[in-house]
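Sequences listed follow chains L and A, in order. Quick note, the first sequence lines up with residues 73 to 548 if you use the working numbering. Quick note, the second sequence lines up with residues 73 to 548 if you use the working numbering.
2 protein chains.
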Amino acid sequence: MATHPLEEILHPRSIAVVGASGGGGRGSGFLAPLVELGYRGQIYPVNPKYTEIMGIKAYASVKDIPGVVDYVISSVPASQVLGMISDSAAKGVKAIHLYTARFSETGRKEAADLEKEILNQARRAGIRLIGPNCMGVYYPGQRISFSSGMPTESGSVGLASQSGSAIHEIVDMAAQRGLRFSKAISYGNALDFNESDYLEYFAQDSETNVIMMYIEGVRDGRRFYDTLRRTTATKPVIIVKGGRGQSGIRATASHTASLAGSMQVWETMVSQAGAVSAQHPSELVDVATAFHFLPSISGRRVGVAGGAGGSSVLAADLCEEAGLDVIPLPMEIREEMKAQGSPIWDWIGNPADMSIRIDRSWDTGEMLKIMAGNPNFDLLITFVHAHFHGGQGKVSAETFLEQYRLNELNNKPLLAVMEERGQGSNNDDDHTWFRELMEEVKAGLMAAGVPGYPSIERAAGAASKLIGYYQRRESR
Amino acid sequence: MATHPLEEILHPRSIAVVGASGGGGRGSGFLAPLVELGYRGQIYPVNPKYTEIMGIKAYASVKDIPGVVDYVISSVPASQVLGMISDSAAKGVKAIHLYTARFSETGRKEAADLEKEILNQARRAGIRLIGPNCMGVYYPGQRISFSSGMPTESGSVGLASQSGSAIHEIVDMAAQRGLRFSKAISYGNALDFNESDYLEYFAQDSETNVIMMYIEGVRDGRRFYDTLRRTTATKPVIIVKGGRGQSGIRATASHTASLAGSMQVWETMVSQAGAVSAQHPSELVDVATAFHFLPSISGRRVGVAGGAGGSSVLAADLCEEAGLDVIPLPMEIREEMKAQGSPIWDWIGNPADMSIRIDRSWDTGEMLKIMAGNPNFDLLITFVHAHFHGGQGKVSAETFLEQYRLNELNNKPLLAVMEERGQGSNNDDDHTWFRELMEEVKAGLMAAGVPGYPSIERAAGAASKLIGYYQRRESR
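Encoded structure:
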């Protein structure tokens, strides 16, 4: 298989930041993260007004740079782009990321014409374009980023997004859920490389296992469908579509000049291609978290434990509404509980309401263990109860987690619900201690391969979408 | 109007905790919060095994208590309840909260028979019952609580719930959103007082403005419909129904022995009665937060500002999908922007994508102000951007909030979106500082009457349900 054209572009030997400046604006904004993350190739600031920026020698033009220049980040105004491309062509540049915006998305004819002229000129020069009107590449493994605050560690999630703000939002949220990225690429107006190119790249990229996309409009529908269908045969792809309604379609036009089409056609296409739709970034991250932590799950029969009273009742409703099958507690489990002398063998159900138990022997961990051992369950969800009662003393995260018996789950997939609630204390020290405990508990769960969700409806929704993906994949 | 029977019961001169014990279990669990919150009446622990508990003189029986006993909290086993009622009757007790459980919810005939016998005996003695199988009363104004960790401050939200765990969950979540409670009552199996009694009480209660309910089954459908319809004429009522699907209905039976009916009938009833349905506790709190902070809003035309790029596009989609009307930016606003020399007057839209502005003069506060002054908007939603860039310096919450010009909003209702994301920094000190800043910003917004939501879809959903309530109320 030939190397994907983006593979070489994403491993540049050097990067020129054209339009770099010494101030706090976006000019130094593209330079600073490369310096701070420790990008290993050469960095060349380009701006005729400076001799050096951030202690690095600056050049008046790309042409003046003495060494090889593989990759250019452009934040010059739109009117200077043609000149910059011609300088880059002279220098043998392979790719340009055009942060530069105000082209077709302005709705103005002359700006759209200039955009076309830029593409033509780049094609003549053999230069590939990322953008315009985008934040470009975040590739922590190569220490390339467009923002200083992004995580420095690499992961296995790939993200292609028409929006740069969506990348910030998604990477931030995902980081809190234990996800890290192989690459995240913001591609704006998709003038040269488009959605299908980025998807094709992630499909063949050995660093990427789960693919996320934020798309406002597709440049080539047929090619995208084919690429998507091929990709989902081996890797899950989760897509948020921006521009679904009348007002959203208006907004995509002024954001990335995309022509958003009918949602019905879109949803059918995504589903037939075997991909997963998400409504918003939170759901995108929820579903990707499930794919990252959980294996393939082929059935929908869920066992739920750890809730109490009303939360158990609602857990049943919300799991069912999300498309999971909350089966009655299997008779073998009742019989085993009866044999062990449990007084609630005929009363406990699924969800297992832990508020009805009489003795300590049938705690949440015991229920999870017995459910994990039963072939009628395809997956389990547990509530991780994080309510601090002053009287109970301050336990460690290890002690807290022991009650869930995570090492006795027999590889049965488990999701944890850690609710978005306070900690039931009026004491500030308790708050701080509790928040830190819960962070450690979350880390401990993730280390054991258990993804955490802020509510049962979000856990059940993510699990259901994961199961739908694997079921469709197996049936083709 | 006659005083509601619950009014006297909720203002007891003294409380006896029968089955109190010195250990860490629920016996001292009911005593401790009364002591810790500083309940002003007499507290009498009752248990023949103790002479004192938590430093308070204990009695062998309710009969042995020297003073008046208005209210009893029972955590004795089910088998001792009849004797405890007869002691209480002799003492002139007015009401008993039966934490005691294992009655009809066990599915066992003898337990259900005992439950009936308890009701008959209480009726003969003129004693009213809360429960059984419930946590009882949280009434911060009277310093009555069933848990030490609940907020000590009072508020104007009333909550009646068949589940005690749901009260913990809802009060915790609501507290983080700036809501406090007048009373929250967990009523379990609803043997005597039922859903209609609690609703009727909150309807006439001057301390309560917004009513939340968690209901698994209704004892008297006709009475509940009538009470609900009367109540919603003056106060919003938001209801989560537990036991909606097959497995949830199974779960309600073993939780509170409720017979959950058809969901279609339920939804029609709630809607015709002018109340608001919520799917889960998070949504319940979202909607109550809107009612608490916002005035009546009669139209659905929303203006959105503060988003950037993709988040603006999705804001349009998600508002529209929630039932709001994302109108195009009114021409008068474009003309005013043009007159003031804004270069983006013909490009900016609604949602106002703040990433396209060229100069600082048209920031989010400016957009909010001009939208607030325009009669085409019924409400506004703003993103409060909480992304920390190392270079920007550490601002105060006051400075941060100034950019939103909250004092120039002309009483136009505003909701704020503060996303559930990290802070874009790899530095722990930055994290702590940033988290604290965001807490202060949230408090500042609430002080200005602006409710905060973790995502645009939740803000839009809550606003839409609030508007639906007021529209139905006005049309009857």
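We put the CB at the ideal spot given by N, CA and C, even for glycine.
Fill in: Rounded separation between Y116 (chain L) and T123 (chain L) - CA only
Straight-line Cα distance between these residues: approximately 11 Å.
Worksheet item: Going by other Cβ atoms of all chains shown within 10 Å of its Cβ, with 16 needed for buried, is M403 (chain L) buried or exposed?
Response: Exposed.
Worksheet item: So with Cβ pairs under 8 Å, would you call P117 (chain L) a contact of chain A?
Response: Look at P117 (chain L): its C-beta is not under 8 Å from any C-beta on chain A.
Fill in: Q234 (chain L) - DSSP class collapsed to helix/strand/coil
Of the three classes helix, strand and coil, the one that applies to Q234 (chain L) here is coil, per DSSP.
Discussion item. As a quick exercise: from A:L481, A:L478, A:S468, A:I539, pick the residue whose alpha carbon is nearest that of M510 (chain A).
Written reply: Distances from the CA of M510 (chain A) to each of A:L481, A:L478, A:S468, A:I539 were compared; the closest alpha carbon is that of A:S468.
Fill in: Length of the line joining the Cα atoms of A74 (chain A) and P212 (chain A)
Near 24 Å, if we compare the C-alpha coordinates of P212 (chain A) and A74 (chain A).
Practice prompt. Helix, strand or coil for Q214 (chain L), going by three-state DSSP, please let me know.
Written response: Assigned with DSSP and collapsed to three states, Q214 (chain L) falls in helix.
Practice prompt. Name, please, each residue of chain A whose Cβ falls closer than 8 Å to the Cβ of D425 (chain L).
Written response: Think of a sphere of 8 Å around the beta carbon of D425 (chain L): the chain A residues whose beta carbon falls inside it are A323, S326, H327, in chain order.
Practice prompt. Please classify T454 (chain A): does DSSP put it in a helix, a strand, or coil?
Written response: Reduced to three states, the DSSP call for T454 (chain A) is strand.
Worksheet item: Closest Cβ-Cβ distance between Y286 (chain A) and chain L: below 8 Å?
Response: At least one chain L Cβ lies under 8 Å of Y286 (chain A).
Worksheet item: Taking DSSP as the reference, what is the three-state secondary structure of S268 (chain A)?
Response: S268 (chain A) falls in the helix class under three-state DSSP.
Worksheet entry | Cβ distance (whole Å) where G203 (chain L) is taken to contact N261 (chain L) below 8 Å | Right, their Cβ atoms sit about 6 Å apart.
Practice prompt. Under 6 Å Cβ to Cβ from A232 (chain L), same chain only, skipping five residues before and after it: list those, please.
Written response: I257, Y270, M285.
Worksheet item: Which whole-angstrom value is the C-beta distance of S237 (chain L) and S146 (chain A), which I expect to be below 8 Å?
Response: At roughly 56 Å, the Cβ-Cβ gap does not stay under 8 Å, so S237 (chain L) and S146 (chain A) are not in contact.
Discussion item. If you follow the beta strand (DSSP E) that R200 (chain A) is in, where does it begin and where does it stop?
Written reply: Per DSSP, R200 (chain A) belongs to the beta strand (DSSP E) from 200 to 202.
Worksheet item: So A360 (chain L) and V282 (chain L) are in contact, right, with Cβ under 8 Å, and what is the actual spacing, rounded?
Response: Going by Cβ atoms, the distance from A360 (chain L) to V282 (chain L) rounds to 5 Å, so yes, they are a contact pair.
Worksheet entry | Inter-stretch contact (C-beta, 8 Å, three-pair minimum) for the stretch 408 to 427 of chain A and the stretch 183 to 192 of chain L | Touching, no, given that fewer than three Cβ pairs across the two stretches are closer than 8 Å.
Worksheet item: Do three or more CB pairs link the stretch 190 to 198 of chain L to the stretch 155 to 169 of chain L at distances below 8 Å?
Response: As far as the Cβ criterion goes, the stretch 190 to 198 of chain L touches the stretch 155 to 169 of chain L, which means the pair count is three or higher.
Discussion item. Just to confirm my understanding: we take L390 (chain A), look at its own chain, exclude 5 residues before and 5 after, and list those with CB closer than 6 Å. What are they?
Written reply: For L390 (chain A), the CB contacts under 6 Å within the same chain, skipping 5 residues up- and downstream, are I528, E529, A532 in chain order.
Item to complete: Excluding the 5 residues preceding and the 5 following E512 (chain L) in the sequence, name in chain order all residues of the same chain whose CB lies nearer than 6 Å to its CB.
Response: A469.
Worksheet entry | Within chain A, partners of W434 (chain L) - CB distance below 7 Å | Those do not exist, as W434 (chain L) stays about 15 Å from chain A at its closest Cβ, beyond 7 Å.
Fill in: Buried versus exposed call for T328 (chain L) [16 or more other C-beta atoms within 10 Å across all chains shown]
Classification for T328 (chain L): buried.
Practice prompt. Mind listing the chain L neighbours of P400 (chain A)? Cutoff is C-beta to C-beta under 9 Å, in chain order.
Written response: Neighbours of P400 (chain A) on chain L, chain order: S319, R322.
Worksheet entry | Option nearest I125 (chain A) by Cα separation, candidates A:K135, A:M156, A:G91 | Nearest option by C-alpha distance: A:G91.
Discussion item. Mapping the DSSP letters down to three states, classify R19 (chain A) as helix, strand or coil.
Written reply: An answer regarding residue 19 (chain A) cannot be provided, because it is not within the stretch 73 to 548 covered by chain A.
Fill in: Proximal chain A residues relative to G421 (chain L), where beta-carbon distance stays under 8 Å
The contacting residues are R322, A323, S326.
Worksheet entry | The beta strand (DSSP E) enclosing M285 (chain A), as first and last residue numbers | 282 to 287 is the span of the beta strand (DSSP E), which, as asked, contains M285 (chain A).
Discussion item. Quick check on the DSSP output: the alpha helix (DSSP H) that includes H327 (chain A) runs from which residue to which?
Written reply: Following the DSSP letters along the chain, one finds H327 (chain A) inside the alpha helix (DSSP H) bounded by residues 318 to 328.
Worksheet entry | Stretch-stretch touch, CB-based, cutoff 8 Å, three pairs: the stretch 216 to 227 of chain L with the stretch 368 to 387 of chain A | Fewer than three beta-carbon pairs drawn from the stretch 216 to 227 of chain L and the stretch 368 to 387 of chain A are found closer than 8 Å, and the two stretches are therefore not classed as touching.
Worksheet entry | Alpha-carbon to alpha-carbon, S319 (chain L) and A332 (chain L) | A332 (chain L) and S319 (chain L) have their C-alpha atoms spaced approximately 11 Å apart.
Practice prompt. Ignore the nearest five residues each way along the sequence and tell me which others in Y300 (chain A)'s own chain have a CB closer than 7 Å to its CB.
Written response: Residue identity check: residue 300 (chain A) is Leu in the sequence provided, not Tyr. The beta carbon of L300 (chain A) sits closer than 7 Å to those of L271, V309, A345, A347, all from its chain and outside the five residues before and after it, given in chain order.
Item to complete: Out of L:Y131, L:L251, L:Q248, L:R295, point me to the one whose CA is closest to E267 (chain L)'s CA.
Response: Checking every option, the nearest Cα to that of E267 (chain L) belongs to L:R295.
Worksheet item: What are the uninterrupted segments assigned as beta strand (DSSP E) that are 3 or more residues long and contained completely in the stretch 91 to 165 of chain A, given in chain order?
Response: When DSSP assignments are scanned along the stretch 91 to 165 of chain A, the uninterrupted stretches of beta strand (DSSP E) that are 3 or more residues long and fall wholly within it turn out to be 114 to 118, 143 to 146.
Worksheet entry | Sufficient close CB pairs (3 or more, under 8 Å) joining the stretch 335 to 344 of chain A to the stretch 397 to 415 of chain A | Using a C-beta cut-off of 8 Å, the stretch 335 to 344 of chain A makes no contact with the stretch 397 to 415 of chain A, since fewer than three inter-stretch Cβ pairs fall below that distance.
Discussion item. Taking the alpha-carbon of M156 (chain L) as reference, which of L:A173, L:Y171, L:V134, L:L473 has the nearest alpha-carbon?
Written reply: For M156 (chain L), the nearest C-alpha among the options comes from L:V134.
Discussion item. Taking 8 Å as the threshold (beta carbon to beta carbon), is H461 (chain A) in contact with chain L?
Written reply: Note on H461 (chain A): pLDDT 47, under 50, position unreliable in the model; the coordinate value appears next. Output row for H461 (chain A): interface = yes.
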